[in-house]
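J.:
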Amino acid sequence: MADIDTAALQRSFAAVAAHGPDEVAQYFYSYLFLRYPETREMFPPGMARQRDRLVGALVRIVTQVDQLDELVPYLQDLGRDHRKFGALSAHYPAVGEALLAALAHFSGPSWTPELAAQWSAAYGLVAATMSGAAEQVAADEPAWWDAEVLEVDRRTFDIAVLRVRTDQPVPYLAGQSVSVEPTERRPREWRFYTPAVAPGGLEIELHARLLPGGPVSTALVRSVDKGDALRIGPPFGRMVLDPADRRPVVMIAGSTGLAPMKAFVDQLGRWAAESANPPRPVELFFGARSRREDYDAADLAALAGRYDWLTVTTVISDDIRWTGPRGLVGEVAVERVRDWPAHEVFVCGSPEMVATTRDLLAAAGAPPEQVHSEEFGQA
Ligand SMILES: Cc1cc2nc3c(=O)[nH]c(=O)nc-3n(C[C@H](O)[C@H](O)[C@H](O)COP(=O)(O)OP(=O)(O)OC[C@H]3O[C@@H](n4cnc5c(N)ncnc54)[C@H](O)[C@@H]3O)c2cc1C
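According to the UniProt record's numbering, the residues represented by the sequence shown are 1 to 379, in order.
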């Protein structure tokens, strides 16, 4: 973005956002739907959460506008992912117009023709990157995959493990996530979930944890049933395995952050079966608040029994009846693992869990570039 004054855009966005992110998003969507009513049907019936998502994406784009190596892959993923919204790419100009109208409205007198030109150029680049990535995959990949729920195993009152079958294999890599729409229960509401099995087959295991008041997690945990239709969006995320890497692995998971770790274990198991190389040793630390939330204990024990290169440690933070390791999962991992620079590390869980664990790892001497993480927050 050579000709774009990124500092000016960041200052301008901060001033606009000071009016309240919800206000800005509300203005944006009102403008869009009044001027271009045909765009309304691409969005879910309830718009409150959608407003957060728009602002979240804008904040990420504006704050990373000078870190193109981070921003471009994110925009490409976003562009590929947005194909599931149907004709959205045809509406990029309308979206750009609504965005500039909202920025102009909240900037007041500080909105100048120069600033408008800067925003317009930046939006043009964002839209071109997104639509370019979407077009690149359009010939080979559907905008979404249709899936059917085979089984919903409600393991606790707020965690379910779902088995779903897709109409074609979804080309994700172990560790990546896919967006999921509970088509019948929550049409046009998409959230990311992470397959807990290696790719290649038609069956995918998903782990969903209910967030109070959250529409999609509530649907998946409470109401979705065997036989329900789901739609699965394209793969998303950069936390993946390098097949050539031979270093020992440490995996640290909080709650359903276990899903990508199980996909990694499955993938490493398959590679080990096909290769003459010795398998990579894996230490998996799984953290939950209480014994009740230790929702996948039987599967983890079975995996540890099957693979002699895998050890599993379950850590419970808030349950005095637990006789195993207690505390934060990251704390127990840093106590137990020696020689962090020799390991590749994967961390997944809530944004707070990931941030805390990354700090603990840094203090214990794990080089940050060897620590890969995924946050189960808003995307
Ligand atoms: C890349 C990625 C992969 C993911 N994979 C999984 C997965 O495998 N399993 C899984 O259970 N979830 C996963 N998530 C989270 C999931 O996408 C949804 O955000 C979550 O299920 C809530 O959706 P919802 O519609 O029920 O609630 P929303 O309407 O999206 O959110 C409800 C409320 O909860 C808040 N919130 C959102 N996330 C969190 C959080 N982590 N902690 C606290 N508050 C939060 C929101 O701000 C909002 O106020 C993943 C997220 C990302 C970004």
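C-beta atoms are modelled at their ideal positions from N, C-alpha and C, and glycine is treated no differently.
1. Does the Cβ of Gly200 have 16 or more other Cβ atoms within 10 Å, making it buried, or fewer, making it exposed?
2. His19: beta carbon under 7 Å from a heavy atom of ligand 1?
3. CB of Pro109 to nearest heavy atom of ligand 1: below 7 Å?
4. Identify the residues that DSSP records as bridge partners of His372: which are they?
5. Below 8 Å on the Cβ atoms is my contact criterion, and I expect Gly56 with Gln378 to pass it. Report the Cβ-Cβ distance as a whole number of Å.
6. By DSSP, does Ser217 sit in helix, in strand, or in coil?
7. Thinking C-alpha only, which one of Ala272, Phe346, Ala122, Arg40 is nearest Val250?
8. Please go through the same chain and pick out, in chain order, the residues whose beta-carbon is closer than 7 Å to the beta-carbon of Ile230, but skip the five residues on each side of it.
9. Let me check you understand the geometry: is the CB of Tyr295 closer than 7 Å to at least one non-hydrogen atom of ligand 1?
10. Which same chain residues end up closer than 7 Å to Val72 when comparing Cβ atoms and leaving out the 5 residues on each side of it in sequence?
11. What is the C-beta distance between Gly86 and Met42, in whole angstroms, given that I count them as a contact (C-beta under 8 Å)?
12. With 8 Å as the threshold, decide whether the Cβ of Asp296 is near any Cβ in chain C.
13. For the segment 259-336, list the beta strand (DSSP E) runs that are entirely contained and at least 3 residues long, ordered along the chain.
14. Quick one: using the 10 Å Cβ neighbour count with 16 as the cut-off for buried, is Lys226 buried or exposed?
15. So what's Gly254 in DSSP terms, helix, strand or just coil?
16. Could you check if Gly254 is buried or exposed, using at least 16 other CB atoms within 10 Å of its CB as the buried criterion?
17. Could you give the DSSP three-state label for Arg209: helix, strand or coil?
18. Would you tell me roughly how many angstroms separate the C-alpha atoms of Met239 and Ser12, rounded to the nearest one?
19. Ligand 1 and Gln136: does any heavy atom of the ligand fall closer than 7 Å to the residue's C-beta?
20. Just verifying my parser: in three-state terms, what is the DSSP assignment at Arg154?
21. By Cβ distance, which residues of its chain are closer than 8 Å to residue 392, with the 5 residues on each side in sequence left out?
22. Please classify Leu300 as buried or exposed, where buried requires at least 16 other C-beta atoms within 10 Å of its C-beta.
23. Quick one: is the Cβ of Tyr74 within less than 7 Å of any heavy atom of ligand 1?
24. Measuring only from the beta carbon, is Tyr172 closer than 7 Å to any heavy atom that is part of ligand 1?
25. What is the residue span of the beta strand (DSSP E) that Val164 lies within?
26. Going by the beta-carbon positions, is the gap between Ala208 and Val221 smaller than 8 Å?
27. Is the distance from the Cβ of Val337 to the Cβ of Arg326 below 8 Å?
T.: Based on what the coordinates show:
1. The sequence position of residue 200 within the sequence shown is 200, counting from 1. That one is exposed.
2. Stepping through the sequence shown from its first residue, residue 19 is reached at position 19. It does not: the Cβ of His19 is nowhere closer than 7 Å to a heavy atom of ligand 1.
3. As a working mapping, residue 109 is identified with position 109 in the sequence shown. Not under cutoff, so the answer is no.
4. As a working note, residue 372 is residue 372 in the sequence shown. Beta-bridge pairing links His372 to Phe346.
5. Counted from its first residue, the sequence shown places residue 56 at position 56. Counted from its first residue, the sequence shown places residue 378 at position 378. With 8 Å as the limit, Gly56 and Gln378 qualify as a contact, their Cβ atoms being about 5 Å apart.
6. Within the sequence shown, numbered from 1, the residue matching residue 217 stands at position 217. Helix, per DSSP.
7. In the sequence shown, the residue the question calls residue 250 occupies position 250. When each option's Cα is compared against that of Val250, the closest is Phe346.
8. Position 230 of the sequence shown holds residue 230. The amino acid occupying residue 230 in the given sequence is Leu; Ile does not appear at that position. Closer than 7 Å at the Cβ level, and outside the excluded window around Leu230, lie Ala147, Val149, Val164, Val180, Glu181, Pro182, Thr183.
9. As a first step, residue 295 is located in the sequence shown; it is residue number 295 there, counting from the start. Incorrect: Tyr295 has no Cβ contact closer than 7 Å to ligand 1.
10. As a first step, residue 72 is located in the sequence shown; it is residue number 72 there, counting from the start. Same-chain partners within the cutoff: Thr129.
11. Position 86 of the sequence shown holds residue 86. Position 42 of the sequence shown holds residue 42. Right, the Cβ-Cβ distance comes to about 6 Å (below 8 Å), so this counts as a contact.
12. You won't find chain C in this structure, because it holds only one protein chain.
13. 282-288, 310-316
14. The residue you call residue 226 lines up with position 226 of the sequence shown. With fewer than 16 other Cβ atoms within 10 Å, it is exposed.
15. For the purposes of this step, residue 254 is taken as the residue at position 254 of the sequence shown. In this structure, Gly254 counts as strand in the three-state DSSP scheme.
16. Position 254 of the sequence shown, counted from the start, is the residue given in the question as residue 254. It is buried - the Cβ of Gly254 has at least 16 other Cβ atoms within 10 Å.
17. On the sequence shown, position 209 is the one that residue 209 refers to. DSSP places Arg209 in strand when its eight states are reduced to three.
18. Here residue 239 refers to the residue found at position 239 when the sequence shown is read from its first residue. Here residue 12 refers to the residue found at position 12 when the sequence shown is read from its first residue. Distance between the alpha carbons of Met239 and Ser12 is about 33 Å.
19. In the sequence shown, the residue the question calls residue 136 occupies position 136. Answer for Gln136: no, Cβ out of range of ligand 1.
20. In the sequence shown, the residue the question calls residue 154 occupies position 154. Strand, per DSSP.
21. No information on residue 392 is available, as it lies outside the stretch 1 to 379 that the chain covers here.
22. Here residue 300 corresponds to residue number 300 of the sequence shown, with the count starting at 1. With 16 or more other Cβ atoms within 10 Å, it is buried.
23. By one-based count along the sequence shown, residue 74 stands at place 74. Because no heavy atom of ligand 1 lies under 7 Å away, the Cβ of Tyr74 does not count as near it: no.
24. Within the sequence shown, the letter at position 172 stands for residue 172. No.
25. In the sequence shown, the residue the question calls residue 164 occupies position 164. Looking at the DSSP string, the run of the beta strand (DSSP E) that includes Val164 is 159-166.
26. Mapped onto the sequence shown, residue 208 falls at position 208. Mapped onto the sequence shown, residue 221 falls at position 221. Closer than 8 Å, so yes.
27. The residue labelled residue 337 in the question sits at position 337 within the sequence shown. The residue labelled residue 326 in the question sits at position 326 within the sequence shown. Against a cut-off of 8 Å, the Cβ pair of Arg326 and Val337 comes out as no contact.
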